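These notes are about the structure you will find just below.
Residue numbers (this note's numbering), protein chains in the order written: chain A, 464 to 779; chain B, 15 to 290.
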């Protein structure tokens, strides 16, 4: 009985075609390998993306009412929606500050451990713990820390004799965004620290040794030797942090819900609110926000990688 | 002399290290103590030690406050989603890393472009789609969404690792008459175990903590996953700080328990996408 080549190769050993080419495969084999991933991915990621783009140009009302509105969602968004612009401003501040803190703070923490602080291996594990906590845990915990009456923040201030600076941290529009930012960094600094630490340990020790022989101060060593050699890692983390911060949702939603007075409203929380909390009952408008924001993120990633990419690779 | 000078120069470093350790570890220990104290005790002295320790609070949270349901929902969703995303991802990654075929680069680009997709871009449409196919407000729907949104990262990590396995092994296996599927199962999978372990850890933690898709796609109380359940409980019992803390510990403990044994694997898993 003759079995088609591709079938026999898939069905079992012993019937393989005479020529050995482990790099090629019949179409059936490819389908079996790729179909599960591609089907789920197409149905629940690619199709939703396309549908969001479609939504952005329509008004999507309940009971399946769909109405083409062209660019009017975008026009309203850009010209007549002050809350959107407030959200853009907040997200921008949050993104810029948090990304810088992520990278600079992560590098400094990594250097602490790299400089052979006592118990470094243990500290590395402890410092990483917040990364594993869910936003819900981190959010509720920090709501308590910022509590006016019995929170750790105010208690610490009182203990230091700085009682005058006591605040309702999350309740005041001027401090709320910064308070959420502190909580966010508390969770993520450990992540950046670990990545930098791995990169530091991969550096050639001869170069660092040579710098030491030349009596290079630690600051000069950091700026002129370590930072340039870590350039690839820094760019990676900048982009990664940037993407994460531009989409920040969970922590803000849990800690302030965007308030008080839109002082912590971000683009993502606004998308969620317009879709599910406002009684405008329109999925088109929030989709337009999501699409616009995604395009902006892509443009910035392209600019960042182009500007920061290493022209000539450092040889070491 | 040398010794003394070095100690002095290291003093700020040590001080900073101690301070940061207190900042990261302190709040978690605080939650741990509160989880064993009643709300009345906490309000009397927020920073006291849990004496006596109210272990029964965990039993109470588990049964009376529905945390048992939330926990099992989370466990079911996460275990099934991680299993599926690992199998689907490994199959696809093996295929992309091993075979030259037309469309290889297109498929790779399509899947890996998922790495930069913000959840906000898909969540509204997913809400509509799951409504259309009657999977809205079901754990099945959430599982499918989790698998789809985590395929990209899984394939990215696995393919990078699988591609480094020497081709000679596969040629030899083919020579011995292994079928394509046997090659995957008996060559790629055993050798790729560390990478698979990494993605399992990564996906487990991310999904165990996932909040956004769950909040959009689930509404019934008996379907809520742990993060949602805790949020819901906090919303309705804002002043019952002691009980909320117990709930937080129920969410934290499984992760801490695994972390205690597999800290290196978990650190490697969580940072796998960023460390190159």
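Backbone N, C-alpha and C fix where the C-beta goes; we use that ideal spot for every residue, glycine too.
This structure is a prediction, so every number in the text was calculated from the model and none was measured.
Whole alpha helix (DSSP H) runs in the stretch 480–566 of chain A with 4 or more residues, listed along the chain?
The stretch 480–566 of chain A contains these whole alpha helix (DSSP H) runs: 490–504, 510–519 and 535–542.
Ordered along the chain, which non-local residues of its own chain (more than five positions away) have a Cβ less than 6 Å from that of residue 179 (chain B)?
If you number the second chain from 1, residue 179 (chain B) lands on position 165. Shown here for residue 179 (chain B): same chain residues with a beta carbon closer than 6 Å to its own, the five before and five after excluded, namely 205 in chain order.
Tell me the DSSP secondary structure of residue 710 (chain A) in three-state form.
In the first chain, the residue the question calls residue 710 (chain A) occupies position 247. Three-state result, residue 710 (chain A): coil.
Give the DSSP-derived three-state secondary structure of residue 596 (chain A) in the structure shown.
Counting from 1 along the first chain, the entry for residue 596 (chain A) is found at position 133. If DSSP states are grouped into helix, strand and coil, residue 596 (chain A) belongs with coil.
Expressed to the nearest angstrom, what Euclidean distance is found between the alpha-carbon atoms of residue 699 (chain A) and residue 66 (chain B)?
As a first step, residue 699 (chain A) is located in the first chain; it is residue number 236 there, counting from the start. As a first step, residue 66 (chain B) is located in the second chain; it is residue number 52 there, counting from the start. In a straight line, the C-alpha of residue 699 (chain A) is about 49 Å away from that of residue 66 (chain B).
Answer with yes or no whether the minimum CB distance from residue 769 (chain A) to chain B is below 8 Å.
Within the first chain, numbered from 1, the residue matching residue 769 (chain A) stands at position 306. Cβ-Cβ to chain B under 8 Å: no for residue 769 (chain A).
Cross-chain neighbours of residue 710 (chain A) in chain B, by beta carbon under 8 Å:
The residue you call residue 710 (chain A) lines up with position 247 of the first chain. Within chain B, the residues near residue 710 (chain A) are 132, 133 and 134.
For the stretch 730–746 of chain A and the stretch 537–557 of chain A, state whether three or more C-beta atom pairs, one from each stretch, are separated by less than 8 Å.
Because the criterion of three Cβ pairs below 8 Å is met, the stretch 730–746 of chain A and the stretch 537–557 of chain A touch.
Would you identify the three-state DSSP class for residue 277 (chain B), choosing helix, strand or coil?
Here residue 277 (chain B) corresponds to residue number 263 of the second chain, with the count starting at 1. If DSSP states are grouped into helix, strand and coil, residue 277 (chain B) belongs with the helices.
Report the neighbours of residue 113 (chain B) on chain A: residues whose CB is nearer than 9 Å to its CB, in chain order.
Here residue 113 (chain B) corresponds to residue number 99 of the second chain, with the count starting at 1. Result: 485, 486, 487, 488, 492, 493 and 496.
I'd like the span of the alpha helix (DSSP H) that includes residue 108 (chain B), first residue to last.
Taking the second chain and counting its residues from 1, one reaches residue 108 (chain B) at position 94. Run containing residue 108 (chain B): 81–112, per the alpha helix (DSSP H) assignment.
Which one of A:603, A:616, A:527 and A:651 has the shortest CA to CA distance from residue 595 (chain A)?
In the first chain, the residue the question calls residue 595 (chain A) occupies position 132. Of A:603, A:616, A:527 and A:651, the residue nearest in Cα terms is A:651.
Using only the alpha-carbon positions, how far apart do residue 218 (chain B) and residue 264 (chain B) sit?
Working through the second chain from its first residue, we reach residue 218 (chain B) at position 204. Working through the second chain from its first residue, we reach residue 264 (chain B) at position 250. Rounded to whole angstroms, residue 218 (chain B) to residue 264 (chain B) spans 16 Å at the Cα level.
Could you say if the stretch 656–670 of chain A and the stretch 696–714 of chain A meet the contact criterion of at least three C-beta pairs nearer than 8 Å?
For the pair of segments examined, the stretch 656–670 of chain A was found to touch the stretch 696–714 of chain A: the number of CB pairs separated by less than 8 Å reaches three.
Please return the same chain residues whose Cβ sits closer than 7 Å to the Cβ of residue 90 (chain B), not counting the five positions on each side in sequence.
Along the second chain, read from residue 1 onward, the residue named residue 90 (chain B) stands at position 76. Take residue 90 (chain B), set aside five residues on each side of it, and the residues of its chain with a beta-carbon closer than 7 Å to its own are 153, in chain order.
Does residue 753 (chain A) come within less than 8 Å of chain B when only Cβ atoms are used?
Translated into positions along the first chain, residue 753 (chain A) becomes position 290. Among the residues facing chain B, residue 753 (chain A) is included, as its CB has a counterpart in that chain under 8 Å away.
Would residue 223 (chain B) be called buried (16 or more neighbouring beta carbons within 10 Å of its own) or exposed?
Position 209 of the second chain holds residue 223 (chain B). Under this definition residue 223 (chain B) is a buried residue.
Looking at the C-beta of residue 90 (chain B), does it have a partner C-beta in chain A at a distance below 8 Å?
The residue labelled residue 90 (chain B) in the question sits at position 76 within the second chain. Chain A, which has no Cβ nearer than 8 Å to the Cβ of residue 90 (chain B), makes this no.
Can you pull the chain B residues whose beta carbon is under 8 Å from the beta carbon of residue 514 (chain A), in chain order?
The residue labelled residue 514 (chain A) in the question sits at position 51 within the first chain. Result: 139, 142 and 143.
Residue 225 (chain B) versus residue 599 (chain A) - alpha carbon distance:
Here residue 225 (chain B) refers to the residue found at position 211 of the second chain. Here residue 599 (chain A) refers to the residue found at position 136 of the first chain. Counting only the Cα atoms, residue 599 (chain A) lies some 8 Å from residue 225 (chain B).
The ligand MN heavy atoms versus the CB of residue 81 (chain B): any closer than 7 Å?
You won't find the ligand MN in this model; it holds no ligand whatsoever.
Selection of the stretch 582–602 of chain A by Cβ proximity to chain B, strictly under 7 Å
Those residues of the stretch 582–602 of chain A that come within reach of chain B (Cβ to Cβ, closer than 7 Å) are 586, 588, 589, 590, 591, 592, 593, 594, 595, 596, 597, 598, 599 and 600.
Please identify the residue among A:605, A:663 and A:517 whose C-alpha is closest to the C-alpha of residue 37 (chain B).
Stepping through the second chain from its first residue, residue 37 (chain B) is reached at position 23. When each option's Cα is compared against that of residue 37 (chain B), the closest is A:605.
Let me know if residue 189 (chain B) comes out buried or exposed under the rule of 16 or more other beta-carbons within 10 Å of its beta-carbon.
Along the second chain, read from residue 1 onward, the residue named residue 189 (chain B) stands at position 175. Exposed.
When the distance is taken between beta carbons, is residue 232 (chain B) closer than 8 Å to residue 242 (chain B)?
Stepping through the second chain from its first residue, residue 242 (chain B) is reached at position 228. Stepping through the second chain from its first residue, residue 232 (chain B) is reached at position 218. Yes, they are a contact pair.
Label residue 632 (chain A) either buried or exposed according to how many other C-beta atoms from any shown protein chain fall within 10 Å of its C-beta, with 16 as the threshold for buried.
Position 169 of the first chain holds residue 632 (chain A). Within 10 angstroms of the beta-carbon of residue 632 (chain A) lie 16 or more other beta-carbons, which makes it buried.
8 Å is my cut-off, CB to CB: does residue 564 (chain A) come that close to chain B?
Along the first chain, read from residue 1 onward, the residue named residue 564 (chain A) stands at position 101. Taking 8 Å as the threshold, the shortest C-beta distance from residue 564 (chain A) to chain B does not fall below it.
Any chain A beta carbon closer than 8 Å to residue 223 (chain B)
Here residue 223 (chain B) is taken as the residue at index 209 of the second chain, counted from 1. Cβ-Cβ to chain A under 8 Å: yes for residue 223 (chain B).
Contact set for residue 654 (chain A): own chain, Cβ-Cβ below 7 Å, skip 5 residues either direction
Position 191 of the first chain, counting from 1, holds the residue named residue 654 (chain A). For residue 654 (chain A), where only same-chain residues beyond five positions count, the Cβ hits under 7 Å are 594.
Flag residue 580 (chain A) as yes if its beta-carbon sits less than 8 Å from any beta-carbon of chain B, otherwise no.
By one-based count along the first chain, residue 580 (chain A) stands at place 117. The C-beta of residue 580 (chain A) comes closer than 8 Å to at least one C-beta of chain B.
Taking 8 Å as the threshold (C-beta atoms), are residue 287 (chain B) and residue 167 (chain B) in contact?
Here residue 167 (chain B) refers to the residue found at position 153 of the second chain. Here residue 287 (chain B) refers to the residue found at position 273 of the second chain. Yes, Cβ-Cβ distance for residue 167 (chain B) and residue 287 (chain B) is below 8 Å.
At a CB distance below 7 Å, what residues from the stretch 235–246 of chain B approach chain A? Give them in sequence order.
Cβ contacts with chain A: 241, 244 and 245.
What residue range does the alpha helix (DSSP H) around residue 749 (chain A) cover?
Taking the first chain and counting its residues from 1, one reaches residue 749 (chain A) at position 286. Segment 747–771, the alpha helix (DSSP H) holding residue 749 (chain A).
Using a Cβ-Cβ distance under 8 Å, would residue 544 (chain A) count as near chain B?
Position 81 of the first chain, counted from the start, is the residue given in the question as residue 544 (chain A). So, not an interface residue.
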